[in-house]
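In what follows, a structure is listed as structure tokens, so that the remarks can point back to it.
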Amino acid sequence: MDHFRALVADNNGEEAPTLTIKNLTTADLPEGEVTVRVAYSSVNYKDGMVGIWGRMIKSYPHIPGIDLSGTVTESTDPRYKPGDEVIVTSYGLGVTHYGGYSELARVPASWVVPLPTGLTQREAMILGTAGFTAALSVQRLEDNGLTPEKGPVVVAGASGGVGSVAVNILAKRGYEVTASTGRLSEEAYLKELGAKHVIHRDELTETEQRPIRRPLWAAAVDPVGGKTLSYLLSTLQYGGSVATSGLTGGVEVETSVYPFILRGVNWLGIDSVECPMELRSRVWERLASDLKPTMLSNTIVNEIQLEQLPEELALILQGQVRGRTIVKLG
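Residues 1 to 330 (full-length UniProt numbering) make up the sequence shown, in order.
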């Protein structure tokens with residue numbers, strides 16, 4: 001029986017879970033057709049919500065981590081065999097099902113994506129759910145007519161995971177990118193990723209309750225929501241689109257019908273959790289080819305060990321994590 005280490009969330013009547021590294025065996029793993037020796041996982045805002053706040057956890061003990069990459073060790077599904085390199089992100093991983101902060105994981109075969117040619121397991125987790133969400137945002141924007149000739153694109157929350165990858169992908173594809181951040185100390189970092197302009201997030205915050213303003217952007221990538229999204233909707237050019245994927249700025253959005261009926265703008269919802277497998281696989285293939293960021297290096301990534309996770313999960317909830325943090329497990 002294999003023994004392995006995992007970061008386990010427990011709750012002893014406390015308001016928030018406690019996080020402890022424990023030694024487990026394969027008997028502790030949940031049901032699933034595919035068992036994976038995990039090489040890397042990553043840190044996302046959602047992981048902090050689960051691990052630090054206990055949000056969405058249905059029962060304890062629980063292993064967080066909504067992303068993993070690794071190598072199949074066992075499989076009862078004929079599509080996968082020992083030695084196959086795979087990616088698993090989203091669905092119930094790390095939320096309703098034991099997740100990626102574990103040296104060994106067992107998951108449903110329907111969640112598994114073969115590692116595309118052109119990506120290493122490490123690169124796949126530098127991307128992770130955040131990178132996938134950024135790429136899906138770009139895919140949806142371009143499906144709705146966005147091209148570099150249409151005009152500038154703004155990325156909110158640009159120094160975070162989704163934002164950093166989105167800035168880099170868009171710049172690589174020839175777009176003029178404006179990066180919005182709450183930390184102007186990150187200006188050099190964002191320009192290295194490809195941003196042409198860097199602005200403070202306050203410049204994208206709705207304060208005057210105006211339903212429509214001077215048109216500024218051909219499109220926007222929005223992992224923030226709240227008052228930022230309200231402002232973005234009011235400043236899109238005619239036929240422009242905003243791809244919304246997050247709620248760090250709040251869940252309430254004040255707007256009106258004017259941007260939609262006067263400028264024909266598109267509000268695109270980006271869901272990485274239940275994204276259909278056909279589209280999911282296509283986006284991962286593109287992340288290994290034409291959408292692959294140029295900065296999958298130490299510029300955008302911070303690598304940590306399992307022991308450092310509790311502190312990092314707390315920091316991401318405080319907005320103190322730049323780019324992508326990956327967890328080395330193998």
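Ideal Cβ positions, reconstructed from N, Cα and C, are used throughout, including at glycine.
Given the structure is predicted, the values throughout are model-derived calculations rather than measurements.
- With fewer than three CB-CB distances shorter than 8 Å, the region 5-14 does not count as touching the region 122-139.
- Shown here, R280 sits in a helix according to DSSP, grouped into three states.
- Under the DSSP assignment, P152 falls outside any beta strand (DSSP E); it carries neither an H nor an E label.
- Taking a cut-off of 8 Å for Cβ pairs, the region 165-172 and the region 292-300 touch, as three or more such pairs fall below it.
- Inter-residue distance for V327 and I261 is about 46 Å (C-alpha atoms, whole angstroms).
- According to the DSSP assignment, E74 belongs to the beta strand (DSSP E) that extends over 67-75.
- S180 has its alpha-carbon roughly 6 Å from the corresponding atom of H200.
- Residue D28 holds the alpha-carbon nearest to the alpha-carbon of H62 among D28, T73, P259.
- When the beta-carbon positions are compared, A218 and G246 stay at least 7 Å from each other.
- In terms of Cβ geometry, G157 and P223 form a close pair [threshold 7 Å].
- Relative to E176, the option among G182, E187, V155 whose CA is nearest is V155.
- If one requires a minimum length of 3 residues, the beta strand (DSSP E) runs lying completely within the region 19-107 are 34-43, 67-75, 85-89, 104-107, in chain order.
- According to DSSP, residue pairing for A179 in a beta bridge involves V155, V198.
- Shortest Cα-Cα distance from Y189 to any of R37, V301, A39, V43 involves V301.
- For the 7 Å CB-CB criterion, Q139 and Y40 do not form a contact.
- Beta-bridge partners of T325 (DSSP): V43, N302.
- L93 has its alpha-carbon roughly 15 Å from the corresponding atom of D271.
- Boundaries of the beta strand (DSSP E) around G239: 236-244.
- Distance check between S59 and each of T73, A134, A243, P30 places P30 closest, using alpha-carbon atoms only.
- Within the region 204-232, the runs of beta strand (DSSP E) at least 3 residues long that lie entirely inside it are, in chain order, 217-222.
- Under the DSSP assignment, L268 falls in the beta strand (DSSP E) whose first and last residues are 266-269.
- Here R5 carries a strand assignment [DSSP, helix/strand/coil].
- If you draw a straight line from the Cα of V321 to the Cα of D84, it is about 32 Å long.
- Selection G70, V283, G319, I52 evaluated against G182 yields G319 as nearest (Cα-Cα).
- At least 7 Å separates the beta-carbon of R37 from that of T76.
- The beta-carbon distance between P108 and G32, rounded to whole angstroms, is 5 Å. This is short enough to meet the 8 Å contact definition.
- Taking 7 Å as the cut-off, the Cβ atoms of S256 and P211 count as close.
- In the same chain as G131, and ignoring 5 residues on each side of it, the C-beta atoms closer than 6 Å to its own belong to V165, in chain order.
- Relative to W267, the option among L141, V95, I21, I52 whose CA is nearest is L141.
- If you draw a straight line from the Cα of T248 to the Cα of A105, it comes to about 29 Å.
- In this structure, the alpha-carbon of S110 lies about 15 Å from that of L68.
- For P310, the enclosing alpha helix (DSSP H) covers residues 309-317.
- If you ignore the 5 residues before and after V95, its C-beta comes within less than 7 Å of the C-beta of V50, M56, I66, all in its own chain and listed in chain order.
- In its chain, beyond the 5 residues on either side, R5, A6, L7, V8, L306, E307 have a beta carbon closer than 8 Å to the beta carbon of I21.
- Ranked by Cα distance from Y98, the first of E14, V162, V242, T26 is T26.
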